[in-house]
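Our numbering numbers the first residue of the sequence shown as 95 and each following residue consecutively.
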Amino acid sequence: MGIERMSMMSAEGPLDKLDDALMACCESRQFQISSGGSAMKSIGEQNPYSSIYAKVRAMADNLKISAEYCDFKYVSYETSEDFENYFEDISRRYDEVNGRYSEVSRSLEEHKSTDAYLKHLHGMDVSFHELFTMKYVKLRIGRFPSDNLHKLEYYKEKCFAFIPFEKSRDYVYGIYLVPVTRTEFADEVMASLGFERTRLPDYLEENAEDADKKLSEMISAEEKEKERLEKELAYLTDELKGDFRAVMCKLKFKSDCCELRKKAIIAGDSFSFSGYCPSRECKSLEKTLEGLSPDIKCMEIPIDKKDPPADVPTRLKNNFLTRPFEMFVKMYGLPSYTAFDPTPYVAWTYMILFGIMFGDVGQGFLIFLLGLILTKCTKNGLAPIMTRLGIFSMAGGCIYGSVFGIETIIKPIYHRENIWKSVCKMFGNLGVSEHPESVFQAATAVLLFSLMIGIILILISMIFSMVLKFKAGKVGEALFSVNGAAGIVFYVSLCAGAAGQLMYGVKMLTAPYVLLLIVLPMVLVFFKEPLCALVSGKPVEKKTIGNFIIENFIEIFESVISFLSNTMSYLRVGGFVLSHAGFMLVVSQLAGTAGDAPVTAKTVIVYIIGNLVVMGIEGLLVGIQVLRLEFYEIFSRFYEADGKAFTPIVIDLDS
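#1: Cutting at 8 Å between CB atoms, please list the residues of its own chain near R99, excluding the five before and the five after it.
#2: Among Y171, L672, F621, T173, whose alpha-carbon lies nearest the alpha-carbon of I648?
#3: DSSP state of Q126, grouped into three classes?
#4: Report the option in S366, P402, L415, F564 whose CA atom is closest to the CA atom of K391.
#5: To the nearest angstrom, how far is the alpha carbon of S659 from that of T604?
#6: In three-state DSSP terms, what is T661?
#7: Could you check what DSSP says for R237 in three-state terms: helix, strand or coil?
#8: Does DSSP classify V497 as helix, strand or coil?
#9: Tell me, please, which residues DSSP counts as bridged to C343.
#10: Rounding to the nearest angstrom, what Cα-Cα distance links S196 and L294 in this structure?
#11: What first and last residue would you give for the alpha helix (DSSP H) that runs through G594?
#12: Which full runs of the alpha helix (DSSP H) of 4+ residues lie inside the region 242-312, going along the chain?
#13: Among A118, F677, L672, L715, which one has its Cα closest to the Cα of K381?
#14: Is I505 helix, strand or coil when you go by DSSP?
#15: Can you give me the Cβ contacts of L116 inside the same chain, cut-off strictly under 6 Å, excluding the 5 residues immediately before and after it?
#16: With a threshold of 8 Å on Cβ separation, who are the neighbours of E734 within its own chain once the five nearest residues in sequence on each side are excluded?
#17: Go ahead and label H529 buried or exposed: buried means 16 or more other beta carbons lie within 10 angstroms of its beta carbon, across all protein chains shown.
#18: For L464, which residues in the same chain have their Cβ closer than 7 Å to its Cβ, ignoring the five residues on either side in sequence?
#19: Could you spell out where the beta strand (DSSP E) holding S366 opens and where it closes?
#20: Less than 9 Å separating the beta-carbons of T437 and E420?
#21: Would I507 and V517 qualify as a contact pair, given that the criterion is a beta-carbon distance under 9 Å?
#22: What did DSSP end up calling K357 once you bin it into helix, strand or coil?
#23: How many Å lie between L562 and K424 at the Cα?
#24: Would you decide whether I718 is buried or exposed? Buried here means 16 or more other CB atoms lie within 10 Å of its CB.
#25: Take every Cβ of the region 668-682, pair it with every Cβ of the region 532-539, and state whether three or more of those distances are shorter than 8 Å.
#26: Could you name the residues that DSSP lists as bridge partners for P108?
#27: What is the C-beta distance between L611 and S587, in whole angstroms, given that I count them as a contact (C-beta under 8 Å)?
#28: What number of angstroms, rounded off, separates the C-alpha of D337 from the C-alpha of P418?
#29: Taking only the alpha-carbon atoms, compute the straight-line gap between E724 and C120 and give it to the nearest angstrom.
#30: Taking the C-alpha atoms as reference points, what is the distance between G369 and I745?
#31: Can you check which of these residues, V266, L327, V540, is closest to F668 by C-alpha distance?
#32: Check C164 in the structure and name its three-state DSSP category.
#33: Any idea if Y598 is buried or exposed, counting beta-carbon neighbours within 10 angstroms, 16 or more meaning buried?
#34: Given a cut-off of 9 Å on the beta-carbon distance, is the pair L246 and F259 in contact?
#35: Please report the distance separating the alpha-carbon of S136 from that of I359.
#36: Is the number of C-beta pairs between the region 317-329 and the region 176-192 that are closer than 8 Å three or more?
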């Protein structure tokens, strides 16, 4: 577990094998190429394959062919002209069928729209030809809002007449007739009333009923033609799918190689390139590359972890249990190659805190089951995390005795007298109820236990910080910083003194205790800069006395406030324990299961819905709050996210 060891690997060989070598590196998914540098010879000003690939991807979308990686060794196309010719041939076949399909679809849509309108004109027994060829009278067909129909009364003496054919709730459909000399006036009036004119096609010469029949026949024929063309397009897709996908993969490889070749060093008829590869994969990749040609030679140079190159990438390496939690570490930022991988710490603390805050055997089992299903069916990174959180939620439920909110199936910890007596003794004089009937009566113990968890996790984070600074050679900071030895002594002494006095009545905060274990560590933190310089032998940064005092006083004040706020922040752990119990109490009240009430169908339905709502809302909130504790209360004390991700070269069809 930790950070994968890296090696620098270089390869050189004849120029005609460069693409094959790059392809082998792509297929391995274990090689990150480095830039060639100033000795690089230009391969070409532009990538001749990129524009063709864009066209092929667009064609793949039109043909509904998914972009998936497949073997393309049998594809013989090599030059951009070969791929262009292939694309033009496919495009010609597709455009021919798709052009007819688009034309039929457009015509069908137009005919359906016209037919829908004609149905409103049934009853008009005059042919359209006669109406539209009148010499002295103009005719307009259309509709306008029903609310405006009464307004026509104001224009009945204005030499035009509207004849309605059908009325609906929103519109009146019909025609208006007007003398040629009054056409412009009538059009303006009807437009002001919201009249929407419909222009019928010239081929409709019959009356409305006959025209409707004619259009119905045309629509039926066009629907059959559209269906035939859809089948033809589907057949074309099936015919092309295999070869098209292979050609697309090779074209993408050629395009990517053009970009990768720019990172290789070209000297005459030879090439060389170098990059980073996980040490455990180097031998395998070397064997693959050298198998391409006896003239290809590879060399591995292990990276010294004490003094690595500045650009060495980071790749996390964790076991099955903690690997899914790498997602959270990457969200915050990767550690540097020489740093500490916090994934195991994040995984265990996240699972434990979630289990404490969302402890329920039944709901935990459903979360586990849902995570298992999503892991099998999707690639969602949260799915495997859900399976682990479900297990810890079930463990927490066993402690609280909660199964879908029911606390009578499993005996909770506060009803186990021997254990609970020990808890009461541990918290001494802080008023923990000795015989609680419910988790709410044990709220004091729950909140105090949350504070204990917070203190322990903060201390572990500070110890991590101190150890990491010692390993990095920063002895001064390890000893005198807020998150170093001085800060640890201050925080432990303060917590121990407060706990001893409040819980057990022991007067620990005496003058010597305060001076030596609380004041002195803060004084050391205050003078951290000169003390670090003294330990390291480096000169102190020059500052005025005023600036020094103000800066360090602010740092001390901020540190004390952060200790207090970070510790109090863990009260939310206990708060969510109580809120979960409160949620489930509300559900049981709504379901009517209080006391000895009989179980009915309504009870079961309300209980199921209530549990699902609680799982959805509280599960999401708890997940977010635990992540917040990880990022702000834990990571902030020891973790520096200054690493660069390992990005192996691959044929990425999505880019």
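Ideal Cβ positions, reconstructed from N, Cα and C, are used throughout, including at glycine.
Per the coordinate set shown:
#1: On the sequence shown, residue 99 is found 5 positions in, with the first residue counted as 1. Correct list, in chain order: P372, S373, R374, P396, I397, K399.
#2: Taking the first residue of the sequence shown as position 1, residue 648 is located at position 554. Checking every option, the nearest Cα to that of I648 belongs to F621.
#3: Start at 1 with the first residue of the sequence shown, and residue 126 comes out as number 32. Correct three-state label for Q126: strand.
#4: On the sequence shown, residue 391 is found 297 positions in, with the first residue counted as 1. Answer by Cα proximity: S366.
#5: For the purposes of this step, residue 659 is taken as the residue at position 565 of the sequence shown. For the purposes of this step, residue 604 is taken as the residue at position 510 of the sequence shown. Approximately 25 Å between the Cα atoms of the pair.
#6: Position 567 of the sequence shown, counted from the first residue, corresponds to residue 661. Of the three classes helix, strand and coil, the one that applies to T661 here is helix, per DSSP.
#7: Your numbering for residue 237 matches position 143 in the sequence shown. Strand, per DSSP.
#8: On the sequence shown, residue 497 is found 403 positions in, with the first residue counted as 1. Looking at V497 - three-state DSSP - the assignment turns out to be strand.
#9: Indexing the sequence shown from 1 puts residue 343 at position 249. DSSP output for C343 lists no bridge partner at all.
#10: Residue numbering aside, residue 196 sits at position 102 when the sequence shown is read from its first letter. Residue numbering aside, residue 294 sits at position 200 when the sequence shown is read from its first letter. Approximately 22 Å, taken between the alpha carbons.
#11: Against the sequence shown, residue 594 aligns to sequence position 500. Looking at the DSSP string, the run of the alpha helix (DSSP H) that includes G594 is 579-598.
#12: 277-286
#13: The residue labelled residue 381 in the question sits at position 287 within the sequence shown. When only C-alpha atoms are compared, the closest one is A118.
#14: Taking the sequence shown and counting its residues from 1, the one referred to as residue 505 is at position 411. One detail in the question is off: residue 505 reads as Lys in this sequence, not Ile. Looking at K505 - three-state DSSP - the assignment turns out to be coil, as it is neither helix nor strand.
#15: Counting from 1 along the sequence shown, the entry for residue 116 is found at position 22. For L116, where only same-chain residues beyond five positions count, the Cβ hits under 6 Å are C351, L354.
#16: Numbered from 1 along the sequence shown, position 640 holds the residue referred to as residue 734. Around E734: P429, S430, A433.
#17: As a position in the sequence shown, residue 529 is number 435, starting the count at 1. So H529 counts as exposed.
#18: What you label residue 464 is simply residue 370 of the sequence shown in a count that begins at 1. Within the same chain, L464 has close Cβ partners M480.
#19: Taking the sequence shown and counting its residues from 1, the one referred to as residue 366 is at position 272. Note, S366: beta strand (DSSP E), 364-372.
#20: Reading the sequence shown from its first residue, position 343 is the one you call residue 437. Reading the sequence shown from its first residue, position 326 is the one you call residue 420. Against a cut-off of 9 Å, the Cβ pair of E420 and T437 comes out as a contact.
#21: One-based indexing of the sequence shown puts residue 507 at position 413. One-based indexing of the sequence shown puts residue 517 at position 423. In contact: I507 and V517 (Cβ atoms closer than 9 Å).
#22: Here residue 357 corresponds to residue number 263 of the sequence shown, with the count starting at 1. Here K357 sits in coil by DSSP.
#23: In the sequence shown, counting from the first residue as 1, residue 562 sits at position 468. In the sequence shown, counting from the first residue as 1, residue 424 sits at position 330. So the two alpha carbons sit approximately 20 Å from each other.
#24: Here residue 718 corresponds to residue number 624 of the sequence shown, with the count starting at 1. So I718 counts as exposed.
#25: yes
#26: Counting from 1 along the sequence shown, the entry for residue 108 is found at position 14. According to DSSP, P108 bridges with S364.
#27: Residue 611 sits at position 517 when you count from the first residue of the sequence shown. Residue 587 sits at position 493 when you count from the first residue of the sequence shown. About 4 Å separates the two Cβ atoms, so the contact holds.
#28: Within the sequence shown, numbered from 1, the residue matching residue 337 stands at position 243. Within the sequence shown, numbered from 1, the residue matching residue 418 stands at position 324. Rounded to whole angstroms, D337 to P418 spans 37 Å at the Cα level.
#29: Numbered from 1 along the sequence shown, position 630 holds the residue referred to as residue 724. Numbered from 1 along the sequence shown, position 26 holds the residue referred to as residue 120. About 36 Å.
#30: For the purposes of this step, residue 369 is taken as the residue at position 275 of the sequence shown. For the purposes of this step, residue 745 is taken as the residue at position 651 of the sequence shown. So the alpha carbons of these two residues sit roughly 17 Å apart.
#31: Your numbering for residue 668 matches position 574 in the sequence shown. It is worth fixing the name first, because residue 668 is Gly in this sequence and not Phe. The option with the nearest alpha carbon to G668 is V540.
#32: Counted from its first residue, the sequence shown places residue 164 at position 70. Looking at C164 - three-state DSSP - the assignment turns out to be coil, as it is neither helix nor strand.
#33: One-based indexing of the sequence shown puts residue 598 at position 504. Y598 is exposed by the Cβ-count criterion.
#34: Start at 1 with the first residue of the sequence shown, and residue 246 comes out as number 152. Start at 1 with the first residue of the sequence shown, and residue 259 comes out as number 165. Contact flag unset, no.
#35: Within the sequence shown, the letter at position 42 stands for residue 136. Within the sequence shown, the letter at position 265 stands for residue 359. Confidence at S136 is low in this model, with a pLDDT of 42, below 50, so its placement is unreliable and the value that follows should be read with caution. Approximately 9 Å, taken between the alpha carbons.
#36: yes
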